[in-house]
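**Student:** Here's a structure for you.
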């Protein structure tokens, strides 16, 4: 039953197949108020003259121009004022030689008059008007139809309606326009395991939230289409056929994203093959192999891969341009930036690869040599003056966070097997509005730091642990890293900020700038009321507790390991013996809240965690010790906006450090930061 | 009563005044489906682990990793298959040593298993599974929370929600998000003379359609605000006060555009001064002097000028950025292009001038010297290799067509009195999506040509008459011009296309390429059934008819004048005598339909026009003669996309000419073009 995708279509032939489909929506008439962004379906000629009458361009007096000939400042002409005409009223007087009518800007020129003298060049004296200048026929008058005359071509077909075109249409009195119809896209979500956001999830039964229906719907709308949603269907053939046919009869294009279960893909495939026409079955692109293109009844059909990143990438690459075309929406302007790869990327699968990447602006004032021949990515440093660095974001196709951690894709052609560190690449941004983050950081997962990030505009921070932070800071990829003292594993001199910086630089093996730091209290998380009466680390080793640890990249785990080492030394045991007697020491989870959740749901008796997190989630905290955390920065990037903003936020929170101060003297407002229990300044 | 704006504020102080106002909308919660383009109001931490369970990344077999250690292709390990688990179902089997469970991608890893072997590295044999590779613990498994763990910072405040962020939110099960509220902008249209589009207009009473309410509403929405419309009010103080206060109590910002009538501006001014606070009263910008900025109750208030171009320019310059800021919408990317002025522009009013300009890409392959010292704009030729030319679009502030005929503005600082021809200027585009037209033409107003333009993508054509077309073609501003033979006023040799081109070049005094041409029948338009029995030109001179002519720039008028000259010669009279005896010879209107409309509404007995127009509008046509019309192109621009498209459209219509052919032989499909009565090929 499992469908194999053997003869993969080339990306070019998929584009062709999709171009051969008709996605055109039904023509629509929309009220002018809803017309912004739409595209005129047909050319529009002016139905009326604008202005519809000879119109005064200034406030003044409507005159017969010949009466004013020869008038000057010193030798004015006098005319009888025989009436007044305001904008929006019909003149009730005719102008004859020797007379004039006061007129407002925008008012109808009275019969007999053929020009207007602006008020500034006149004086009123006992009902007689002194005209101090001569005017030619037509002066200060906008003739009827002079702006646009009835019958003139006003706007051509295909004109995109911005506020300006809407202005012309309203001037013409047009209150409804024929616009290119938005292609209607039916979205079907398939797969037994999918649940709509907002509903209850049964994780033990493998349920996950439906992502693709939402990303694709948003993508369709951004491309100018409208979305019709069809109820989620499982892997049942009959039900799937019914929904597919219904969608095909109601929409111009039907999109389903195969769930990750092979069953759903197979069902769609069978319906298409038996009831419609299958044009493409698999495409030689990574990610996105399991793509279907076909026709069902009068609708086009595209099946997207199940993984969210794959589905959106394939949608953006192949489908969004076709929807934009059908909707007559413009192709976004250039959305590529060039940058240099921050690390080597290898690839040998022989398909076009759309590699999701993140961007970081080096913002450096110094140019360092790039060693593009270095054999190991982790030891090659890259830092190029003011350039954009490009790093792969590849957390596995199933990850949804890579949706937001990447800024665009780099195309790796099938015969490109490697992009070297420092190599120049072109990045297709996800949208023209994408900008690199103001500051990019990697490091320890810390709830207080996470709050500080809220005070920075467009930061990107990946809580991958202290070790990853050190590694990426050394490589020159990130601007900042959050690192625990346990990760540095040496004695630091912290009497002055300068000493601290020096000792950190020595310990890390590369120059670093310390922006801030604090201490945090860690320990064991146990259920409320501490049923096992855990009092400290010794109990973890001695009692029969199911324990949940943090992953090896976590600084907190390094601190735990150090503490166990000390405990073992006290007991004259081997550290490994201690570790072996902890049930679950290797059961590691990623984030600071995760062990607590295991304790809360009863799958563990104790977890590694911070006092602040324990307090927030209402479990018991058994203190073990404190550890120091440092916010380190790449010294070449301290002038980046985001780094400056972060530095400011650290200082405002009372945990900033700058080179001229001792760590303690930098502290000004501890409370705003250490309102969190278990936190303290250095 | 008339309000003077004497102490004009500087643009900088207006920006400051507007920045001091609070336009922030009320916070909102929106469903995820409506969240695209919105901006997160608060930071969002993951409420759940994603995935929520240890999840198989491939189809295969869930195993206890240690069971596979040592397995190779040649020396596989055999395990008992003791069950199956699909995506979306709860495992009902526990994996013990020696056993495995068939597992689908996305399914829950059963208890006891700690890795998955992909199906491709296995074989099934009588319910026993051969494992041909060894896997490490965790292999092919995405651990619970590995994508994002509960409690991790998912998205920061201020994050703009694109399809990607919406994907992450749906993965987290979030179905509703707190977003930055859209500022609510109340729009009040004022002025006795304004009528909403779609309603009946009384032109004789000076009524015009309301434009500003529509352009500003569209502009507000484009900037991220929502619009509340208030009923149109006239110039009544009490009513205006009531509406202003109602709008101020319901909105964050109230915008009114003064009608052109001074009365309305004065009323707004008095309400603001007496009931609110007036911060700015007049700004030193052209256009836009009569601008008001203030506060009324808790709302901000901005009064825009009345003329549509002025109102939208002031809105875009001062208000749109403030609305975008309040809505937390991004500032559009760079929207400036540099180009060279195609003609001199002088200005001496001492205010910042925002000069609306159009763009044309020269697309030339040759570089010609630019004479920037030339004293007359009309004789200076400019044509610079591949550069953008910039020409002022200044049809008077009251014109609405300049809304769509301009692409952006050039800022002329108060102390800049002149921009010379050829001078480099920076153009701020109206929006990032603005692109210069594919082809820019000026010339004769011709209904058949206007239809041809529908076949070209993004053309711009101004029907300013044959003379203007010749002038602008010579100056190098336009790509093409439509010119009647009467304007050229010489005998043309038309036997071959090359001869035609040569004789036109000689007659015009500059090199030109002829893309196409046709003849059109012209004459006198009279009411249906021809009540005055007009039979020809002589009757126009001899009978007492009220006539409507075309403007002097029109080629058709030149043709009429030539015909009158010939009539005068036959009669041995002076041409002027003939002209003087035509009542209304100087009453000129702009467009080809305009004279007909005068005849239709009874204000004229005869008008100058084309047979095709007469037929369409159901009046009687008295033929007088035919005239030739040529589509001429700048020889340096024939490789522009739009010129090529126009050339193709001409050929398809059977009226194309190329240098290798005789005009006649180029004609292939006359009908599609000359389906219009009175038209014929050359």
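Chains as they are written, first to last, in full-length UniProt numbering: chain A, 1 to 682; chain B, 1 to 682. Backbone N, C-alpha and C fix where the C-beta goes; we use that ideal spot for every residue, glycine too.
#1: Whose C-alpha, out of B:475, B:240, B:39 and B:252, is nearest the C-alpha of residue 162 of chain B?
#2: Take the Cβ of residue 475 of chain B as the centre, count every other Cβ of all protein chains shown within 10 Å, and call the residue buried at 16 or more, exposed below.
#3: Spatial neighbours of residue 92 of chain B within its chain, please: C-beta separation below 7 Å, excluding the five flanking residues on both sides.
#4: Is the CB-CB distance between residue 283 of chain B and residue 9 of chain B below 8 Å?
#5: Have a look at residue 326 of chain A and residue 21 of chain A and give me their C-alpha separation to the nearest angstrom.
#6: Any beta carbon of chain B sitting closer than 8 Å to that of residue 291 of chain A?
#7: In angstroms with no decimal places, state the Cα-to-Cα distance between residue 609 of chain B and residue 523 of chain B.
#8: Below 7 Å CB to CB, which residues in the same chain sit around residue 685 of chain B once its five sequence neighbours on both sides are set aside?
#9: Would you mind giving the Cβ-Cβ distance between residue 406 of chain B and residue 356 of chain B, rounded to the nearest angstrom? I have them listed as a contact below 8 Å.
#10: Report the option in A:457, A:506 and A:543 whose CA atom is closest to the CA atom of residue 644 of chain A.
#11: Under 8 Å between C-beta atoms, does residue 492 of chain A make it to chain B?
#12: Can you tell me the Cα-Cα spacing of residue 593 of chain B and residue 627 of chain B, whole angstroms?
#13: So, does the segment 133 to 142 of chain A touch the segment 282 to 302 of chain B, judging by three or more C-beta pairs under 8 Å?
#14: Should residue 12 of chain B be labelled buried (16 or more other beta-carbon atoms within 10 Å of its own) or exposed?
#15: Which residues bound the alpha helix (DSSP H) around residue 449 of chain B?
#16: State the beta-bridge partners of residue 125 of chain A as determined by DSSP.
#17: Roughly how many whole angstroms lie between the Cα atoms of residue 682 of chain B and residue 166 of chain A?
#18: Measuring alpha carbon to alpha carbon, tell me which of B:481, B:203 and B:275 ends up nearest residue 238 of chain B.
#19: Going by the beta-carbon positions, is the gap between residue 444 of chain B and residue 466 of chain B smaller than 8 Å?
#20: Answer with yes or no whether the minimum CB distance from residue 457 of chain B to chain A is below 8 Å.
#21: Comparing the C-beta of residue 591 of chain B with each C-beta of chain A, is any distance below 8 Å?
#22: For the structure I just gave you, are there three or more beta carbon pairs, one from the segment 240 to 254 of chain B and one from the segment 178 to 191 of chain A, closer than 8 Å?
#23: Along the chain, which unbroken stretches of the beta strand (DSSP E) at least 3 residues long are found entirely within the segment 281 to 316 of chain A?
#24: Can you tell me whether residue 375 of chain B is helix, strand or coil according to DSSP?
#25: Can you name the residues that DSSP bridges to residue 481 of chain B?
#26: Is there a Cβ from chain B that is less than 8 Å from the Cβ of residue 450 of chain A?
#27: Between residue 474 of chain B and chain A, is the shortest Cβ-Cβ distance under 8 Å, so that the two count as touching?
#28: From residue 258 of chain A to residue 46 of chain B, what distance separates their C-alpha atoms?
#29: Pick from A:441, A:388 and A:451: whose alpha carbon is nearest that of residue 422 of chain A?
#30: Helix, strand or coil: which one does DSSP assign to residue 387 of chain A?
#31: Do residue 535 of chain A and residue 619 of chain A have their C-beta atoms closer together than 8 Å?
#32: Do we get a CB-CB distance below 8 Å when we pair residue 40 of chain B with the residues of chain A?
#33: So, does the segment 505 to 517 of chain A touch the segment 530 to 545 of chain A, judging by three or more C-beta pairs under 8 Å?
#34: So, does the segment 563 to 576 of chain B touch the segment 109 to 116 of chain A, judging by three or more C-beta pairs under 8 Å?
#35: For the 8 Å Cβ check, are there 3 or more pairs between the segment 70 to 82 of chain A and the segment 212 to 224 of chain B?
#36: Which same chain residues, not among the five before or five after residue 152 of chain B, have their C-beta less than 6 Å away from its C-beta?
**Tutor:** On the basis of the coordinates in this document:
#1: B:39
#2: With 16 or more other Cβ atoms within 10 Å, it is buried.
#3: 83
#4: yes
#5: 10 Å
#6: no
#7: 6 Å
#8: The structure shown does not extend to residue 685 of chain B, since chain B is modelled only from 1 to 682, so the question has no answer here.
#9: 4 Å
#10: A:457
#11: no
#12: 18 Å
#13: no
#14: Exposed, since its Cβ has fewer than 16 Cβ neighbours within 10 Å.
#15: For residue 449 of chain B, the enclosing alpha helix (DSSP H) covers residues 447 to 453.
#16: A:128
#17: 39 Å
#18: B:275
#19: yes
#20: yes
#21: It does: the Cβ of residue 591 of chain B has a partner Cβ on chain A nearer than 8 Å.
#22: The segment 240 to 254 of chain B makes no contact with the segment 178 to 191 of chain A: fewer than 3 CB pairs, one atom from each, lie closer than 8 Å.
#23: 292 to 296 and 299 to 304
#24: Only weak support is given to the placement of residue 375 of chain B: the predicted model assigns it a pLDDT of 35, under 50, and the question is left unresolved by the model.
#25: B:442 and B:632
#26: yes
#27: no
#28: 25 Å
#29: A:388
#30: In this structure, residue 387 of chain A counts as coil in the three-state DSSP scheme.
#31: Going by C-beta atoms, residue 535 of chain A is not nearer than 8 Å to residue 619 of chain A.
#32: Residue 40 of chain B is outside the set of residues whose beta carbon lies under 8 Å from a beta carbon in chain A.
#33: no
#34: With the cut-off at 8 Å, the segment 563 to 576 of chain B and the segment 109 to 116 of chain A do not touch.
#35: no
#36: 46
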